[in-house]
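Heads up, the thing below is written out as structure tokens.
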Amino acid sequence: MQRLVSRLVIFALLISIARPLMAAEEGLAGWWKFDDIRVERRELEMERGETFLPKEVFGFVKNSINNVESDLNGKFFKQVKGVSGGAVLLDGNTSFIEVNDDDVPRVSGDFSVEAWIALGAYPNNVCPIVDNQRDPAEGYFNGYFFGLDALGRLILRIATDGRDEEVVGTKTIPLYRWTQIACTYSSENGMKIYVNGTLVGLKKPNHEFTPSQEWVNILIGKSRAKQRPYGTIRPYGTKPFDMFYDGLIDELKIYDTELSAKAVKKSYSAIKTNTAPDLPERKMPTGPLKIGVFAAINTNLRYYEAYDALWHVDKGCDVVVRFDEYPCEFVFWKGANYQAHLVTEKGYWFNNGFNEGWNEHGSCEPMSDKQARHALVKVLESNDARIVVQWRYALVDNWYQFAFFDPATDRGDWTNETYYIYPDMVAVREDVLLSNAPRAEHEWQESMVVPGPGQAPADLLEYAALTLGNDKGEFHTYSWEHKTPPHLPPLPKNPNIQLVNMKSKYKPFSILRPQDDPSIDVYSGEIRRNISVFPWWNHWPVAQKPTDGRWAMFADRPSHSSLSHWFWEAYDMTDRSMTKLMLTGMTDKAAEELLPLARSWYNPPKIKKSANLKAHYDQAQRAYILSVENESNNIEFNIVASKESPVINPAFVIRDWGKNNLSLKINGKEISPGKDFRYGCINNLDSSDLVVWIRYESTKPVEITFAPRKK
63 MQRLVSRLVI
73 FALLISIARP
83 LMAAEEGLAG
93 WWKFDDIRVE
103 RRELEMERGE
113 TFLPKEVFGF
123 VKNSINNVES
133 DLNGKFFKQV
143 KGVSGGAVLL
153 DGNTSFIEVN
163 DDDVPRVSGD
173 FSVEAWIALG
183 AYPNNVCPIV
193 DNQRDPAEGY
203 FNGYFFGLDA
213 LGRLILRIAT
223 DGRDEEVVGT
233 KTIPLYRWTQ
243 IACTYSSENG
253 MKIYVNGTLV
263 GLKKPNHEFT
273 PSQEWVNILI
283 GKSRAKQRPY
293 GTIRPYGTKP
303 FDMFYDGLID
313 ELKIYDTELS
323 AKAVKKSYSA
333 IKTNTAPDLP
343 ERKMPTGPLK
353 IGVFAAINTN
363 LRYYEAYDAL
373 WHVDKGCDVV
383 VRFDEYPCEF
393 VFWKGANYQA
403 HLVTEKGYWF
413 NNGFNEGWNE
423 HGSCEPMSDK
433 QARHALVKVL
443 ESNDARIVVQ
453 WRYALVDNWY
463 QFAFFDPATD
473 RGDWTNETYY
483 IYPDMVAVRE
493 DVLLSNAPRA
503 EHEWQESMVV
513 PGPGQAPADL
523 LEYAALTLGN
533 DKGEFHTYSW
543 EHKTPPHLPP
553 LPKNPNIQLV
563 NMKSKYKPFS
573 ILRPQDDPSI
583 DVYSGEIRRN
593 ISVFPWWNHW
603 PVAQKPTDGR
613 WAMFADRPSH
623 SSLSHWFWEA
633 YDMTDRSMTK
643 LMLTGMTDKA
653 AEELLPLARS
663 WYNPPKIKKS
673 ANLKAHYDQA
683 QRAYILSVEN
693 ESNNIEFNIV
703 ASKESPVINP
713 AFVIRDWGKN
723 NLSLKINGKE
733 ISPGKDFRYG
743 CINNLDSSDL
753 VVWIRYESTK
763 PVEITFAPRK
773 K
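Letter by letter, the sequence shown follows residues 63 to 773 in my numbering.
Given below as structure tokens:
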């Protein structure tokens, strides 16, 4: 008897729980469970000369109320684990669902929409979860819109008597977390928005809802009209574009009735979950960031699956330079236009910018080449002694129009940046602008950090972010903590050394030659200290849409921040080119300790040599170039080092040495090949040179002897 009573109690309890859920299903007009997404691959029939856009992969989602399938469009979409069965992953760039014609769930008056979502990033502007509203720009007002704005807030918009009424939720939807969202409308209770069963938005419209016309489709995850991003800084350099939803959607329901607050809460409680959504991690791609082999590796760096699907690339499209004594890397990645990035042991990204020109659309620079159409990277050398990587790019705007375009030649500005990278993480940046007007105004450098998703500039930078120094040994550090430093930093006079104080052991630096008359400014514009004490934008890297400047509001996407600009004179010039040099790299030393390295480069010690030896120092390579005029087994010379012209890890290129092995003596002491003495062969079309790198420091004269190594 007791067992029977217990069963009756349990049965009654189940009935009491089920009643509100059953009531909630009343009026259900559309229900997309996303448990059975269908993908069909069709063999394309296309004849030569036809010009339509070919398509071979077709996706479909089913409305469980009538079992009718609708189109799932885009470059990438996927069924993943949801809160109940499956969920649909939309890529934020191309994918969306379109429900057409008679398949559209019609609402005639009161209505509700409910779904579970997990966001990968916030949309660039207003983007629908469900849009059944004709574009108001056409002069018509009918239908409803339920979606998100760029601040992660829910928006419910309905058409009424010749106008739109809108209510915005007060809560920002979190990223990477399952969240129940719902909206309701009734003529009696007005417009309401719920998040996880809690009311976050309420408005009583002045007139009753006007339903959509019968032919208006439903868009899920894609805007009906193109928009510029929220936070656009330069509209003249930014194209309007479609907004796409980035993340997961599950259990999407449309009701032709108003759900009560109790029903919304019950629906949330029935599925409530703390399980992490099936969204892949988004982390700026690098190599392993461990001590490895000193080498340049051609590879294909992966970001996350939906983003990688956009790129028509194959193996070997990116380059990573690794070091055998430092857990840092130089990374040349397509998602950042192959720009040379110095990546610290913590995975913090820094770059020295690029060349930039301008036209009526704004900036002409690699940042504007969103698809890297005009950018490539190649390894010119990779041996034990040094690595040489060249980054080539065009100066184009967001319309892919060139800076200083010459219709006579059908060409505009290009740049070749060649990096001579040595085992001590020091590199020369040889920047060659190839232009119809190289003396015209261009920008050559910008000190940028690149936070990844989940990072803001202050996560990477100390407040005292910049230390400047000069050849006299005078240094000064500038802080952003309480105010932005002056645009033209007064101290020290005539700076030519910069250390960026990142929150990592190894920090990026840049050094210029005093003979090139360098000067510097602090990036003091476009700062919103209530958001970030440092400038902060997210129109680059990774972003695919044509945008010439957009504020970052959240750390939901890769972004960038700028600290300073260097200005300096040319190292070399022709009628169609200008070359500038910079020494750059990463160090764990204090800024003051960079002065000897700087002097060893821009004021290198002279060589006292024998009559049969030709020698000169090439600052573009950070190397002495040696050639012997007649046959000799040995190369002997003295480097006349001093405090003003020290020897710091010198490099040598021995012309026509062939592929012979090499022995080294320093001040008569033989040095065995290893991490302190490295060499490698450079094969040319008609000869072979030898490049040598030595770990050695001195402010006194040094005697060097090279000779063939006996086997």
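For glycine and all other residues, C-beta sits at the position ideal for the given N, C-alpha and C. No experiment lies behind these values; they were computed from the predicted model shown.
With hydrogens ignored, establish whether the beta-carbon of residue i is closer than 7 Å to any heavy atom of the ligand GTP.
{"i": "residue 576", "result": "With respect to the ligand GTP, the structure offers nothing, as it holds no ligand at all."}
Pull up the CB-CB distance for residue i and residue j, whole angstroms please, since I reckon it's below 8 Å.
{"i": "residue 417", "j": "residue 509", "result": "Their Cβ separation, rounded to whole angstroms, is 15 Å, which puts residue 417 and residue 509 out of contact at 8 Å."}
{"i": "residue 709", "j": "residue 654", "result": "At roughly 19 Å, the Cβ-Cβ gap does not stay under 8 Å, so residue 709 and residue 654 are not in contact."}
{"i": "residue 177", "j": "residue 239", "result": "Actually they do not touch by this definition, with Cβ atoms about 14 Å apart."}
{"i": "residue 582", "j": "residue 626", "result": "6 Å"}
{"i": "residue 199", "j": "residue 287", "result": "6 Å"}
{"i": "residue 737", "j": "residue 387", "result": "7 Å"}
Cutting at 6 Å between CB atoms, please list the residues of its own chain near residue i, excluding the five before and the five after it.
{"i": "residue 633", "result": "641, 642 and 643"}
{"i": "residue 410", "result": "522, 564 and 566"}
{"i": "residue 689", "result": "676 and 717"}
{"i": "residue 175", "result": "192, 208, 245 and 316"}
{"i": "residue 613", "result": "293"}
CA-CA distance, residue i and residue j?
{"i": "residue 678", "j": "residue 301", "result": "51 Å"}
{"i": "residue 570", "j": "residue 197", "result": "50 Å"}
{"i": "residue 106", "j": "residue 132", "result": "21 Å"}
{"i": "residue 117", "j": "residue 282", "result": "21 Å"}
{"i": "residue 171", "j": "residue 514", "result": "45 Å"}
{"i": "residue 461", "j": "residue 298", "result": "11 Å"}
{"i": "residue 385", "j": "residue 392", "result": "9 Å"}
{"i": "residue 440", "j": "residue 403", "result": "15 Å"}
{"i": "residue 126", "j": "residue 191", "result": "18 Å"}
{"i": "residue 285", "j": "residue 213", "result": "16 Å"}
{"i": "residue 149", "j": "residue 368", "result": "15 Å"}
{"i": "residue 160", "j": "residue 639", "result": "52 Å"}
{"i": "residue 163", "j": "residue 112", "result": "29 Å"}
{"i": "residue 713", "j": "residue 739", "result": "10 Å"}
{"i": "residue 753", "j": "residue 763", "result": "22 Å"}
{"i": "residue 87", "j": "residue 128", "result": "14 Å"}
{"i": "residue 741", "j": "residue 755", "result": "6 Å"}
Exposed or buried, residue i, counting other C-beta atoms within 10 Å across all chains shown (16 or more means buried)?
{"i": "residue 140", "result": "buried"}
{"i": "residue 610", "result": "buried"}
{"i": "residue 577", "result": "exposed"}
{"i": "residue 108", "result": "exposed"}
{"i": "residue 696", "result": "exposed"}
{"i": "residue 504", "result": "buried"}
{"i": "residue 306", "result": "buried"}
{"i": "residue 67", "result": "Model confidence at residue 67 stands at a pLDDT of 44, short of 50, so the residue's coordinates are unreliable; what they give is reported in the following sentence. Its Cβ having fewer than 16 others within 10 Å, residue 67 is exposed."}
{"i": "residue 423", "result": "buried"}
{"i": "residue 774", "result": "The requested residue 774 is not part of the displayed model; the chain covers only 63 to 773."}
{"i": "residue 730", "result": "exposed"}
{"i": "residue 469", "result": "exposed"}
{"i": "residue 594", "result": "buried"}
{"i": "residue 519", "result": "buried"}
{"i": "residue 548", "result": "exposed"}
Determine whether the Cβ of residue i lies closer than 8 Å to any Cβ atom of chain B.
{"i": "residue 529", "result": "No chain B is part of this structure, which consists of one protein chain only."}
Beta-carbon within less than 7 Å of residue i's beta-carbon, same chain only, minus the 5 sequence neighbours each way: which residues are those?
{"i": "residue 670", "result": "699, 700 and 702"}
{"i": "residue 85", "result": "In this prediction, residue 85 has a pLDDT of 39, which is less than 50 and means its spatial position is unreliable; what the coordinates show is noted afterwards. So the list reads 325, once near-sequence residues are dropped."}
{"i": "residue 347", "result": "363, 364, 365 and 395"}
{"i": "residue 205", "result": "194, 195, 196, 221, 273, 274 and 278"}
{"i": "residue 602", "result": "429 and 622"}
In chain order, what residues of the same chain lie with their CB nearer than 8 Å to the CB of residue i, ignoring the 5 residues before and after it?
{"i": "residue 464", "result": "426, 456, 457, 458, 473, 474 and 475"}
{"i": "residue 573", "result": "558, 559, 560, 644, 645, 646, 656, 659, 660, 663 and 664"}
{"i": "residue 584", "result": "528, 540, 546, 547, 548, 549, 550, 551, 625 and 626"}
Inset, instruction - Tell me, please, whether the region 169-186 touches the region 198-217 by the rule of three or more beta-carbon pairs shorter than 8 Å. - result: Enough Cβ pairs lie closer than 8 Å, so yes.
Inset, instruction - Determine, using beta-carbon pairs with one atom in the region 315-322 and one in the region 614-632, whether at least three such pairs fall under 8 Å. - result: For the pair of segments examined, the region 315-322 was found not to touch the region 614-632: the number of CB pairs separated by less than 8 Å stays below three.
Inset, instruction - Assess, as a yes-or-no matter, whether the region 382-401 is touched by the region 436-446 under the definition of 3 or more beta carbon pairs within less than 8 Å. - result: yes
Legend entry - Cβ contact (3+ pairs, closer than 8 Å) linking the region 346-362 and the region 326-338: Contact fails: fewer than three Cβ-Cβ distances are below 8 Å.
Legend entry - Segment contact flag, the region 438-452 with the region 515-533, C-beta cutoff 8 Å, min 3 pairs: Proximity of the region 438-452 to the region 515-533 falls short of the contact definition, fewer than three beta-carbon pairs being nearer than 8 Å.
Inset, instruction - Spell out a yes or no on whether the region 88-102 and the region 136-151 are touching, meaning 3 or more CB-CB pairs, one atom from each, closer than 8 Å. - result: yes
Legend entry - Validate contact between the region 738-754 and the region 717-729 using beta carbons, cut 8 Å, 3 pairs: yes
Inset, instruction - Decide yes or no for the touch test of the region 598-606 against the region 542-558: beta carbon pairs closer than 8 Å, at least 3 of them. - result: no
Legend entry - At least three beta-carbon pairs within less than 8 Å, the region 152-160 to the region 332-344: no
Inset, instruction - Check whether the region 682-690 touches the region 487-498, taking contact to mean three or more Cβ pairs, one atom from each stretch, closer than 8 Å. - result: yes
Inset, instruction - Decide if the region 245-263 is in contact with the region 218-235; the criterion is three or more beta carbon pairs, one per stretch, under 8 Å apart. - result: As far as the Cβ criterion goes, the region 245-263 touches the region 218-235, which means the pair count is three or higher.
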